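Protein chains in written order, with this note's numbering: chain C, 29 to 260; chain V, -15 to 585; chain X, 32 to 521; chain A, 28 to 236.
Beta carbons are placed, not taken as given, at the ideal position from N, Cα and C, and that holds for glycine.
As the structure is a prediction and not an experimental result, all values here were calculated from the model.
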Amino acid sequence: MSVNITIDGLAVRADAGDTLVDVAADNGVYIPTLCYQRGRPCLGTCRVCSVRVNGNVMAACTVPVADGMEVEVNDPADMRKALVELLFAEGNHNCPSCEKSGRCELQVVGYEVGMMVSRFPYRFPLRDRETRPKKIWLENDRCIFCQRCVEFVRDRETGRRIFSIDHRGSRSRIVMDVALADRMSDQQVREAAELCPVGCILQKGLGYNDPIGRRRFEVRRLRQRVLEGEGQ
Amino acid sequence: MSGLQELMRRHGNDRARLIDMLLEIQREAGYVDDQAIQRLAEGLNLSPLEVRETISFYHFIHDRPPGRHTIWLADTVIARMNGYKEVRKALEEACGCVFGQVDASGSFGLFDTNCIGLSDQEPAMMVDDVVFTRLTPERVRRIVTGLRAGRSAQSLAAVKDRDPTDSDFAAQLASSAIRQRGPVFFSPDRDYPALVEKLVTLLPEELIARVVDSGLRGRGGAGFPTGLKWRLGREAEGAEKYVICNADEGEPGTFKDRVLLMESPEDVLLGMIMAGWALGARHGILYLRWEYGYLQARLQRLLEEWQQARLLGADILGQGFAFDIRIQKGAGAYVCGDETALIESCEGKRGTPRVKPPYPIEEGYLGMPTCVNNVETLAAASRILEKGASWFRALGAPESTGTRLLSVSGDCDRPGIYEIEWGVSLNKVLRMVGAVDPLAVQVSGPSGECVSVARDGERVFCYSDLSCNGSLMIFDRKRDLLEVVEEFTRFFVDESCGICVPCRAGGVDLLHKIRLVRAGRATRRDLDDIRQWGALMHATSRCGLGTTAAKPLLTTLDRFPERYEALLAPDEGPLLPSFDREAALEAHRHAHRILTEDASS
Amino acid sequence: MSRKLVIDPVTRIEGHGKVTVQLDENNRVTDARLHVVEFRGFEEFVHGHPFWEAPMLLQRICGICFVSHHLCGAKALDDIIGAGYASGVEMLPTPEKLRRLGHYGQQLQSHTTAYFYLIVPEMLFGMDAPPEKRNVLGLVEANPELVKRVVALRKWGQEVIKTVFGKRMHGIASVPGGVNKRLDARERDRLLKGEPGLLSVDQVIEHALEGVRLFHNFHEKHRREVDSFAKVPALNMSLVDEQGNVDYYHGRIRIVDGNRDTVAEFDYHDYLEHFAEATEEWSYMKFPYLRSLGREAGALRVGPLGRVNVTRSYGDNAPLAQAELERFHDYTGGKANDMILHTNWARAIEILHSAELIRELLEDPDLLEGPLVIEPGEAAWTGEGVGVVEAPRGTLLHHYRADAQGAITFANLVVATTQNNAVMNRTVRSVAEAYLGGRAEITEGMMNAIEVGIRAYDPCLSCATHAMGQMPLQVTVQDAEGRVLDERLR
Amino acid sequence: MKPKNPREIASHELPATPLDAATRAAREEKIQVAMIALCGCWGCTLSFLDMDENLLRLLEKVNITRSSLTDIKRIPHRCAIGFVEGGVANDENIETLEHFRENCDILISVGACAVWGGVPAMRNMVPLEDCFREAYLEVPTTEPRAPKRIPWHPDIPIITDRVYPCHEVVKMDYFIPGCPPDGEAIFKVLDDLVNGREVDLPTQINRYD
């Protein structure tokens, strides 16, 4: 069943139950996301896609569109920006030397929301890294705890989780099962590294193979990829 | 360790029962060691880290020895008003270790915990499986000496020879001061078989209509109409349906569910059976917070008695109605008060609130329609069955029918449980409880609002005004309100599950701000930040914990701005007051001092 | 009454320096020091990072010779994975030439910045000109056309760097075993032939020659002052090729004395056997020296003056620079030149030399084709690497170790400016005595003379404060019978 | 501020050759800019030079007072703009930044180090004493009897416990991220300010690396 909603006043037709963030993209409205990827289940962890729906702020990746919905994307822009700034202050996001620069979703979303500095105090947390697996390096300094790896990376044979969460709250960390990680194929390792929106899951030894100017989001901006699809 | 295989078999090798398994292992071994984790992982087809994921989430599951005697002292605002600090110090001295540690001999483990539902008799602590209340330094010294001498916590609590399944067992440990009784709760001599008989003669639709008609709304705080929830549950499609009683009473300052479960647990069971009948569910889960462990044996016995009496089980009163109840023990997580987090916990996972929609009433426990009701809601429902909808509706206020239980604590002469009709004013309640010179009242605990007696005294308790979840903490004029605010803010940081950014990260920054204010290093800009960041958390967080975590700050800023302004730093000179120059330079002095000593030695 | 004169901060240098001069009641200089007043600590916090990150991270030590740090790191990484000189592997032509191109581009850019923006003002306006005048603003007012040429020259050097590394500063090209990109013909041609707003390589050489002429004009006007300003004898150090000619990217370390006779020559992988260090409480920068000669006699001079003193010639691929080099050598009759202000002459010559080297490279087809990386395979892993290059300010060395997982366990950096610490302090002392000694009235201009002496070294105190200036040395722990029990670093 | 030694005379306090009146007047007409590099690598200052021809355009409108490119060691008079590179890592940085805040109308944090501490702030995860121990004590040298020293002297600054972003020490008005920011980005912000436009750094030239 198709429904009518408005996005910043723009009248939009969509199928009932479709996810708001996708509907917006299909109609040329870019809403940044860090945990959500089109075609995958909603994780609802980063909240960076927060918009106003009938007056209430909601994460657009969690909202199935319903008839008559009035959506404001522009209004909570500063909230989205603040959430990105929170992430930059919470971890150690050293873009200058990070191999994910130019390929990092957090970084480009930072550009998209116009972040120059974080309004929150920079914490410089001390976090352990996991370097034991043969092919993968887990640089927890940069983890934004999006849960993509936890939910979507499984041991092909047993279906068990390779990445899990340890502790809770601000002490939460992603941990990796070394034995299972060492069973991952190079292909699976590459996919995991690409799944990670930041430079936390690294494929060992080949960090800077893409020259500046040819890095993923320099070739084509994330905004374009979202609005026009990865294909083109 | 074939016992472990047996244990898993008993729980049907079902991952959803992981928490039960972990708690059982811990009961035997004191903690869950690596080997047990490995074995569980293999048996349940999980990675060992997935098992740790659950262990590390919960406060009361240990993966290393927590001491022969494990002591949990409740660190709450109310306890801090009643000598908590002295008690804490005495415990550290007596046990020979600081909090968060186990003493060298491995005899004592000292741990902090948040409110354990005894706010009218704090300071209070849990030692092994019993609780001690109204603590003083002398008392804790005596207790620790006793434990050293080889006495058990039970014998020190004078319940050694008591049967924990007796109805008055819990009363030996914790009093249930019911200061004011009312028409709905704690009514004596109810004929439960007759009531169940009456229930099954009604059509589920009739029952639902009656509850709708009564105007009963959820007592957990949100106030969702109970009848409507039951109707949605009935209409929802599902091979199975579940009824869950939320007895994870974690909101600091509330303890009325504990008292209900001590005084009239039958009301709660009956309410659950009603919900089961209404939905057409066959399974009920009573989710009992870990801190109320001393109620478990008695509740378990009650369930067995009712099964024997065929008030529960495969064929209730021969009417072909199958409904049974199991107790799911929590393991220490405030966030499990959120119904979806509670469901995750029932499935043996971390208590991470789910993304909504879908709502539990459509997809809940194991993906099936699930109706989660609060203890008090179910108890109230049981009286509606007995006395009828109009009787109930006649009580209270138009949109807020019936009565509600208040757990009153703080600066008043008579802390305890009060059953009030919706619609009474705050001032009236304050007089009722003997509040002396009250300044502020924390309504609904940290997640509620801090109101000013001067400005809000005439506001009334009802869903459209002072919508109270049962917690009422009173602070008089002598109290340092901002210490309370800091403590509440720390509580939310402590209890955040960490899944969403605003709550996980924002909470820490708010805590930093209130500490800045209390240190006299804040300016107006910092107060503006608190408002802005608080609004951010409120608007964007994933669950109720995050959306309310800033309320202690926001509501006191709104009601008691002068308390903040009095502490603001003069904003003059180029250096920001928040920058502590001397502290920043101390590190080098210190390094030079100790390192040159190193070097010369 | 005794006095203490302070220059704080020393200006027109990179980084944070301060000078103190003690005068007694008879206005005699009793002490004169250059203090390095900053401290960062890269070697400590790089621990635990992935080894392949080191060149990106550690180039942040410096905003002007980042390419040198990047390439030092790159060479060390080549060693670590077993694709380096330590394993006897020669770098492939394409990556080596690309690295050299970027490196020469930086030398041109760095020297141009130092020479024209920081040093030339004194040549034109004099040491006691108004402080507001003797700087780039004064140049713009006095000779805007010259400044335009300087801007264009520096810009071209930066564009060479950007072409190779993707960014004008702190770029990325070197990966373990090679580089991540070739040049395409278009990129090559715009540097070679220029384009609107960008010089051609021939124009660059023209501008470079002007730099040399600038020194000669200045020298002819003030020959006595320039030659006698400060003479600081010291050993001279540089990387050289088999012919004993300077090689800015790779070679053996050679150290020559005042007669330009070799006193030491060794493979840079053995640096720990040859260098020692001292610490003073009054500076964050340490004082390295040649171990065999001790702290006084073993003080080293690196950078342009050190290099032109060491190098025999520039070979035949840089005729213009070669001619200037011969003139330079002849001026001191083949002896080592220890006239501090002649460092600027040497610097001007090196701008020209880099320009000529770049022209030669740009015509090399290897920049456009050929394999980019050596992949030696896991078996070749050594876990340890040392890289050395001739940075604009002198010999720069990076030394890392990584564990089997690839985490850095040890990093040691020896930077050029630190090598010059002792001679810079001697220079400060000598200038202070010459210009301040015995004078009751001291002017700002006299104090500036001290800065002029320091600027001649173009010290990069940013580099010097990369760490707390540490240089771990190899110790051999022996038992009673003298058997070696343990050989370790640090 | 550290107490000043009365016998200590700074070079910039000594009599200096005055700037000719005409030049002085011409410069006073312009917008006054002061520049400083705190704890950084000097790269942002060089990126300032990377404005290339634009630098010359800019210099028609602005005059640079204190900076590491000129020989003016203290801000001589009120400045409209303060250009700050680097984070705060020692007491001298603190004093300098105070000096800038007191004497400039607008302060700009230029580059990663000023904005959030940058690469030097990676030491914030290591206690300072460990840095020192690592650097000065646990280094076997060839002179085993040489006195072990930690730099600590009235003539050198005291190092702060960690590297602070400038805006955590004084109020900063604008921020240009990047390590370093391109000359283009620096020019855009300065040009906006000089021409009284609202400062706007477009997404296309905003960079963090």
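Pairwise C-alpha distance: residue j and residue i
i: Arg593/V; j: Arg463/V; result: The structure shown does not extend to residue 593/V, since chain V is modelled only from -15 through 585, so no value can be given for it.
i: Asp322/V; j: Cys99/V; result: 17 Å
i: Asp183/C; j: Ala317/V; result: 30 Å
i: Ser455/V; j: Val356/V; result: 20 Å
i: Thr61/C; j: Ile35/C; result: 17 Å
i: Ala155/V; j: Met246/V; result: 8 Å
i: His134/X; j: Leu500/V; result: 50 Å
i: Asn452/X; j: Arg189/A; result: 27 Å
i: Thr168/A; j: Glu311/X; result: With a pLDDT of 39 at Thr168/A, under the threshold of 50, the predicted position of this residue should be treated as unreliable, though the coordinate-derived value follows. So the alpha carbons of these two residues sit roughly 14 Å apart.
i: Leu7/V; j: Val408/V; result: 43 Å
i: Glu190/X; j: Gln90/X; result: 18 Å
i: Gly425/X; j: Phe249/X; result: 25 Å
Residue i CB to nearest heavy atom of the ligand NAD below 7 Å
i: Thr38/V; result: You won't find the ligand NAD in this model; it holds no ligand whatsoever.
Backbone secondary structure at residue i - three-state DSSP
i: Glu185/C; result: coil
i: Trp412/X; result: coil
i: Ser74/A; result: helix
i: Val35/V; result: helix
i: Ala378/V; result: coil
i: Asn120/C; result: coil
i: Gln135/C; result: helix
i: Pro344/V; result: coil
i: Pro422/V; result: strand
i: Thr120/V; result: coil
i: Phe44/V; result: coil
Cβ neighbour criterion (16 or more within 10 Å) applied to residue i
i: Val392/V; result: buried
i: Leu399/X; result: exposed
i: Ser384/V; result: buried
i: Ser448/V; result: exposed
i: Thr73/C; result: buried
i: Glu218/X; result: buried
i: Val232/X; result: buried
Contacts around residue i, its chain only, beta-carbon distance under 8 Å, and the 5 residues preceding and following it disregarded
i: Leu85/A; result: Met78, Phe214, Leu217, Asp218, Val221
i: Ile483/V; result: Thr336, Pro337, Arg526
Cutoff 6 Å; reference residue i; Cβ partners in own chain excluding five residues on either side
i: Arg338/V; result: Thr324
i: Tyr268/V; result: For the record, residue 268/V in the displayed sequence is Gly; it is not Tyr. Val227, Met256, Gly260, Ile309, listed in sequence order.
Other residues of its chain near residue i: CB distance less than 7 Å, five sequence neighbours each side excluded
i: Gln353/X; result: Ser344, Tyr345
i: Pro402/X; result: Leu123, Thr125
Residues of the stretch 105 to 127 of chain C with Cβ closer than 7 Å to any Cβ of chain V, in chain order: So the close ones are Met107, Ala110, Leu111, Leu114, Leu115, Glu118.
Taking a cut of 8 Å between CB atoms, which residues from the stretch 123 to 143 of chain A lie near chain X? Here the close residues number zero.
Name, going along the chain, the residues of the stretch 181 to 197 of chain A whose beta-carbon falls closer than 8 Å to a beta-carbon of chain V. Those would be Ile185, Ile186, Thr187, Asp188, Arg189, Tyr191, Glu195, Val196, Val197, in chain order.
Could you please tell me which residues of the stretch 407 to 439 of chain V, in chain order, have their CB closer than 9 Å to any CB of chain C? Within the stretch 407 to 439 of chain V, no residue has a Cβ that lies closer than 9 Å to any Cβ of chain C.
Please list, in chain order, the residues of the stretch 555 to 569 of chain V that have any C-beta partner in chain A closer than 9 Å. Answer set for the stretch 555 to 569 of chain V: Gly557, Pro558, Leu559, Leu560, Ser562, Phe563, Arg565, Ala567, Ala568, Leu569.
By the 7 Å beta-carbon criterion, what residues does the stretch 145 to 163 of chain A contribute toward chain V? If the cut-off is 7 Å between Cβ atoms, the stretch 145 to 163 of chain A has Leu155, Glu156, Phe159, Arg160 near chain V.
Could you name the residues of the stretch 35 to 50 of chain X whose beta carbon sits closer than 7 Å to any beta carbon of chain A, in the order they occur along the chain? Within the stretch 35 to 50 of chain X, the residues whose Cβ lies closer than 7 Å to some Cβ of chain A are Lys35, Leu36, Val37, Ile38, Asp39, Pro40, Thr42, Arg43, Glu45, Gly46, Lys49, listed in chain order.
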